[in-house]
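Numbering (my numbering), first residue to last: 9 to 70.
C-beta: ideal position from N, C-alpha, C; glycine also.
The structure appears right after this line, and notes come after that.
Rendered as structure tokens:
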């Protein structure tokens with residue numbers, strides 16, 4: 009069912025979900041690159057506007 013603006017809401021939701029997944033992969037890759045270049049967790053967290061602990065928990069070695 010299309011909206012008055014012509015968009016298909018469910019299809020757009022799927023597209024947005026795919027974009028979020030792409031962004032998450034890109035973010036993780038940049039964190040890996042930053043760590044490989046010896047950037048601190050503080051610097052990475054600041055760039056992501058999250059705490060150092062949150063950055064380390066999400067992207068630290070697993």
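* Are the beta-carbon atoms of residue 53 and residue 63 separated by less than 7 Å? -> Remark: C-beta atoms of residue 53 and residue 63 approach each other more closely than 7 Å.
* To do: For residue 55, I'd like the list of residues in its chain whose CB is within less than 7 Å of its CB, leaving aside the five on either flank, ordered along the chain.
  => For residue 55, where only same-chain residues beyond five positions count, there are no Cβ hits under 7 Å.
* Asked: For the alpha helix (DSSP H) that residue 69 lies in, which residues bound it at each end?
  -> It is not in any alpha helix (DSSP H) - residue 69 carries neither H nor E in the DSSP assignment.
* Between residue 65 and residue 32, what straight-line distance do the alpha-carbon atoms span, to the nearest angstrom? -> Rounded to whole angstroms, residue 65 to residue 32 spans 15 Å at the Cα level.
* Enumerated in chain order, which unbroken segments of the alpha helix (DSSP H) with a length of 4 residues or greater are wholly contained in the stretch 24-58? -> You should have 49-56.
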